[in-house]
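Below: the structure, in structure tokens.
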Amino acid sequence: MAKPVVAIVGRPNVGKSTLFNKLIGTRLSIVDDKPGVTRDRIYGDCEWLNHHFLLVDTGGIEPYSNDVILKQMRTQAELAIETADVIILVTDIRSGVLASDMEVASMLQKSNKPVVLCVNKCDTVGAPDPEFYEFYNLGLGDPIAVSSTHGHGTGDLLDEVISYFPEDYEDEENDEEVINVAIIGKPNVGKSSLVNKISGTNRAIVSNIAGTTRDTTDTYIENNYGKFNFIDTAGLRRKSKVNDN
Ligand code: GDP
Ligand code: MG
Numbered sequence: 001m002a003k004p005v006v007a008i009v010g011r012p013n014v015g016k017s018t019l020f021n022k023l024i025g026t027r028l029s030i031v032d033d034k035p036g037v038t039r040d041r042i043y044g045d046c047e048w049l050n051h052h053f054l055l056v057d058t059g060g061i062e063p064y065s066n067d068v069i070l071k072q073m074r075t076q077a078e079l080a081i082e083t084a085d086v087i088i089l090v091t092d093i094r095s096g097v098l099a100s101d102m103e104v105a106s107m108l109q110k111s112n113k114p115v116v117l118c119v120n121k122c123d124t125v126g127a128p129d130p131e132f133y134e135f136y137n138l139g140l141g142d143p144i145a146v147s148s149t150h151g152h153g154t155g156d157l158l159d160e161v162i163s164y165f166p167e168d169y170e171d172e173e174n175d176e177e178v179i180n181v182a183i184i185g186k187p188n189v190g191k192s193s194l195v196n197k198i199s200g201t202n203r204a205i206v207s208n209i210a211g212t213t214r215d216t217t218d219t220y221i222e223n224n225y226g227k228f229n230f231i232d233t234a235g236l237r238r239k240s241k242v243n244d245n
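Under the numbering used here, read the sequence shown as residues 1 to 245, first letter to last.
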């Protein structure tokens, strides 16, 4: 089989992008204090104990929100659920278990995909805070205490992630890298249509993320020619117009 896909999902601001960056080892993903800053999926190659996989950072899930951006992020996460072999649900020890965490957890349970429950922002080493045990209520098994900023617990997290990879999975060590292709141009020249056409005709594995294109939209395509991540940019707009996307 191809490289397993591992998706990171969860509410905005729990630290998904920080975790993604920690695991990837670079700052590919945008991290910000403002909820909902990562609006699109970002892919990166990851390796743990000789297992190679593709890690996906999603924008987040907010099932009860009517807000367009949050709705978009929910769609992205649903697509991640469709594509992923293993899902990491990130929660936040500081906020505890919120209704939306419960909602997301039940969405994931229904997906029948292996889920690894990460309780992030456990910054102190040693016995976790009493609040940690609350996360058992999500019904996703043993939570793993992680500090994405410091890196504690990420080893345990990855151990569990790779434990779900299929037995017969042959690690393609010399797998070709994902080629990032940026599509740029003025609004309405047909950037998205071009990407759609390419993904439609050479479809093998396609994850077309209809993002808000506030920043960029990733479309991951695997075909006979290789692996490509088409980055559809929002177009060159004046700053004041960016929010109208
Ligand atoms: P996302 O919206 O889920 O992608 O969350 P981000 O990765 O953008 O992080 C949101 C905020 O939480 C940022 O200010 C991060 O610095 C902070 N954060 C993320 N992980 C940790 C952690 O392990 N410990 C602490 N103390 N803060 C964290
Ligand atoms: Mg993010």
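Note that beta-carbon positions come from the ideal geometry of N, C-alpha and C, so glycine has one too.
Check	Outcome
heavy atom of the ligand MG below 6 Å from K227 C-beta	no
Identity of the residue in K227, G190 and N13 nearest D251 by Cα	The question about residue 251 has no answer, for the chain in this structure spans 1 to 245.
CB of K22 within 7 Å of CB of G151, strictly	yes
Contact under 7 Å by Cβ, V9 with T58	yes
Beta-carbon contacts of F132 that lie in its chain and below 8 Å, excluding the five residues immediately before and after	I93, V119, C122, P143 and A145
Residues near L108 in its chain [Cβ-Cβ closer than 8 Å; skip 5 each side]	V9, I81, I87, L89, V115 and L140
Rounded C-alpha distance that separates T219 from L54	14 Å
K121 CB to nearest heavy atom of the ligand MG below 6 Å	no
Of the listed residues S111, A84, P130 and G126, nearest to V97 (C-alpha basis)	P130
Beta-carbon spacing of S163, G15 below 7 Å	no
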